[in-house]
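Asks: Quick one: structure below, then a few questions.
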Amino acid sequence: RTGAHLDAEYIKRRLHSTIDVVLFYHERKLLEVYYDPEFKQQQVA
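Under the working numbering, residue 864 is the last one in the sequence shown; the count climbs by one each step, no gaps.
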């Protein structure tokens, strides 16, 4: 399986350093926006 050898913490770090904004939708309605630039800076540093 592709990526099966990757550590879960490595994947989380990559996601946090790559994704800037997360949008949560339900039935075509925007419910929540997640954006935390300070947290991202901590993950990249």
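Glycine is no exception: its CB is placed at the ideal position from the N, C-alpha and C atoms.
Predicted model only: the values in this text are computed from it and were never measured.
So which of Pro856, Glu828, Val863 and Thr821 has the shortest CA-CA distance to Val841?
Replies: When each option's Cα is compared against that of Val841, the closest is Pro856.
Asks: What residue from Arg847, Leu850 and Leu834 has the CA that sits closest to Lys859's CA?
Replies: Comparing alpha-carbon positions, the option among Arg847, Leu850 and Leu834 lying closest to Lys859 turns out to be Leu834.
Asks: Could you tell me the boundaries of the beta strand (DSSP E) in which His845 lies?
Replies: Val841 to His845
Asks: Rounded to whole angstroms, what is the Cα-Cα separation between Tyr829 and Lys848?
Replies: 32 Å
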